[in-house]
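Sequence positions in the sequence shown follow numbering that gives the first Met the number 0 and run 0 to 69.
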Amino acid sequence: MTTNVGSTDKIIRIGLAAVAALIAVLTGAGTVGGILLFVVAGVLLVTALVGFCPLYRLFGVNTCKVPSAK
Numbered sequence: 000m001t002t003n004v005g006s007t008d009k010i011i012r013i014g015l016a017a018v019a020a021l022i023a024v025l026t027g028a029g030t031v032g033g034i035l036l037f038v039v040a041g042v043l044l045v046t047a048l049v050g051f052c053p054l055y056r057l058f059g060v061n062t063c064k065v066p067s068a069k
């Protein structure tokens, strides 16, 4: 697996994950909307920590400035 998420993208993803989790708590963690927001937050956080986004690979997007070794 190669890295395709750059450092700026990681920071944005972590920030959006925090916002989504906060909104989920404020709207009710047990509601359908709250659960969906927690899932979105989790996906954003995992992709930021791992440095790989499957959708980026599918569409050929790469925000990482350092060329990855094959």
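Note that the Cβ used here is the ideal one computed from N, Cα and C, for glycine as well.
Model, not experiment: these values are computed from the prediction.
Check	Outcome
Tell me where the alpha helix (DSSP H) around A17 begins and ends.	S6 to T26
For the segment 6-16 and the segment 25-43, state whether three or more C-beta atom pairs, one from each stretch, are separated by less than 8 Å.	yes
Which residues mark the beginning and the end of the alpha helix (DSSP H) in which T80 is found?	There is no way to answer for residue 80, as the model of the chain reaches only from 0 to 69.
For the alpha helix (DSSP H) that contains T46, what are its first and last residues?	V31 to V49
Here's a check: name, in chain order, each residue in its chain whose Cβ is nearer than 7 Å to the Cβ of T2, leaving out the five neighbours to either side.	G50, F51, C63 and S67
L36: which of V24, A47, T46 and V45 sits nearest, CA to CA?	V24
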